[in-house]
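Each position in the sequence shown, counted from 1, maps to that position plus 6 in the numbering used here.
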Amino acid sequence: MRKPRDDRARAQTSPLEAVVFDVDGTLVDSERHGHRVAFNEAFAVLGMPDRWGEEEYGELLAVTGGQRRLTAYLVGSGLSQSEAEPLAERLHRIKTGGFRDMARSGAVPLVPGVRRLVTGLQRWGVRLFVATTGSREWVEPLLDHHFGLSTFERVVTGADVASLKPEPDVYLEVLTGAQLDPARVVAVEDSSNGLRAAHGAGIACLVVRNDYTDPDVGDAELVVSGFGPHARIESGAPAPMPHGLVTIETLEALVDTRPGVNAPHPPGRRQRGRHRRDR
Ligand code: XBP
Ligand code: MG
């Protein structure tokens with residue numbers, strides 16, 4: 007693998023200006039033994055018999071945002087919307103406090119190999135951002151514990167936008183806030199909701215699969231089995247992965263296949279084909 011040259015030189019010559027990382031399932035392995043446990047503990051605190059099993063939780067993840075997930079589950083369990091919403095809010099407040107404590111204590115592990123990629127990108131001078139559906143109350147202590155908050159130029163969470171993934175709002179907020187050209191940005195995600203959000207903002211997307219990743223991610227510029235070493239390309243354009251590692255070279259290869267035109271387009275509708283390179 008190439009040795010880092012002068013960061014400024016590389017950042018200026020690289021087609022990759024910024025990388026936007028999703029949190030749950032991408033930076034951290036947080037759902038099965040983290041959020042799901044915190045939700046079950048919140049049910050117990052309120053004396054409710056509900057417990058989300060590992061398989062059931064994988065299906066519930068189709069709804070992004072813990073409070074929305076709880077509301078949808080409670081309505082699905084027979085409560086009216088007006089009964090479900092306040093209960094979901096109470097449960098989510100308890101859950102968020104519990105997960106924040108887990109995050110602070112180091113009980114939520116990194117996804118294997120992601121630290122190497124983050125520090126490598128940092129060394130090359132690539133700007134780093136976070137775009138998550140999760141709640142700032144636990145997102146910040148979690149990122150601080152693992153990376154130090156200063157690693158990311160901006161952290162956009164679910165509370166900062168009107169609509170959650172798969173809507174593109176969190177990614178659009180990163181782009182506009184940092185005045186980034188989507189053609190020079192790559193998103194790193196683990197779910198079809200995240201993939202659709204990135205594409206809705208006109209950003210190329212690398213999906214790193216985990217055991218909760220749903221099958222509908224074939225639209226991603228690249229799908230890999232992990233960050234490596236020994237990770238495999240599962241679908242998408244061939245991209246360099248030296249020693250089975252996702253590196254800056256892997257991500258640089260994706261900025262040339264961004265979906266559609268430069269400007270972000272309405273969520274859900276993607277123009278296919280290569281984008282105009284008006285640089
Ligand atoms: C995944 C989510 C979040 C978490 C739970 O977020 O949908 O809702 O499951 O966190 P990401 P909250 O975009 O990082 O994959 O309870 O705070 O929502
Ligand atoms: Mg995720």
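Yeah, the Cβ is synthetic: ideal placement off N, Cα and C, and Gly gets one too.
Remember, it's a predicted structure, so these values are computed and weren't measured experimentally.
Worksheet item: Which residues in the same chain as T19 place their Cβ atom closer than 7 Å to its Cβ, once the five residues preceding and following it in sequence are excluded?
Response: none
Worksheet item: Quick one: any contact between the segment 142-150 and the segment 103-117, if contact means 3 or more CB pairs under 8 Å?
Response: As far as the Cβ criterion goes, the segment 142-150 touches the segment 103-117, which means the pair count is three or higher.
Worksheet item: Under a Cβ-count criterion, where at least 16 other Cβ atoms within 10 Å of its own Cβ denotes burial, should S197 be classed as buried or exposed?
Response: Result: buried.
Discussion item. What I want to know is whether the C-beta of T102 ends up closer than 7 Å to one or more non-hydrogen atoms of ligand 4.
Written reply: As far as ligands go, the structure on display features ligand 1 and ligand 2 and does not contain ligand 4.
Item to complete: Kindly confirm or deny that the segment 227-243 and the segment 204-218 touch, where touching means at least three C-beta pairs closer than 8 Å.
Response: yes
Discussion item. Less than 7 Å separating the Cβ of T32 from some heavy atom of ligand 2?
Written reply: Because some heavy atom of ligand 2 lies under 7 Å away, the Cβ of T32 counts as near it: yes.
Worksheet item: If we ignore side chains and look at the alpha-carbon of each, how far apart do P244 and A259 end up?
Response: 8 Å
Fill in: Inter-residue spacing [alpha-carbon to alpha-carbon] between E179 and T125
One alpha carbon belongs to E179, the other to T125, and they sit about 24 Å apart.
Worksheet entry | Check: D28 C-beta below 7 Å from any heavy atom of ligand 2 | Yes, Cβ of D28 sits closer than 7 Å to a heavy atom of ligand 2.
Worksheet entry | Residue(s) in a DSSP beta bridge with F135 | V26 and R160
Worksheet item: Which partner residues of I239 appear in the DSSP bridge assignment?
Response: V230
Discussion item. Output needed for L97: all residues of its chain with C-beta closer than 6 Å, excluding positions within five of it in sequence on either side, in chain order.
Written reply: A48 and L76
Discussion item. By DSSP's criteria, L181 is part of a beta bridge. Which residues make up the other side?
Written reply: Per the DSSP secondary-structure output, L181 pairs with nothing in a beta bridge.
Fill in: beta-carbon E179 near ligand 1 non-hydrogen atom, thresh 7 Å
no
Practice prompt. Give the single residue among L52, P246, G250 and D187 whose Cα lies nearest to the Cα of P235.
Written response: G250
Worksheet item: Taking the Cβ atom as the reference point for each residue, do G136 and V29 lie within a distance shorter than 8 Å?
Response: The question names Gly, yet the displayed sequence has Val at residue 136. In this structure, V29 lies closer than 8 Å to V136 by Cβ.
Worksheet item: Which residues in the same chain as E23 place their Cβ atom closer than 8 Å to its Cβ, once the five residues preceding and following it in sequence are excluded?
Response: A17, V132, R133, L186, D187, R190 and V191
Discussion item. Taking the straight line between their C-alpha atoms, what separation do you get for R264 and M54?
Written reply: Residue placement at R264 is poorly supported in this model, since its pLDDT is 49, which falls under 50; the coordinates are not used for a value here.
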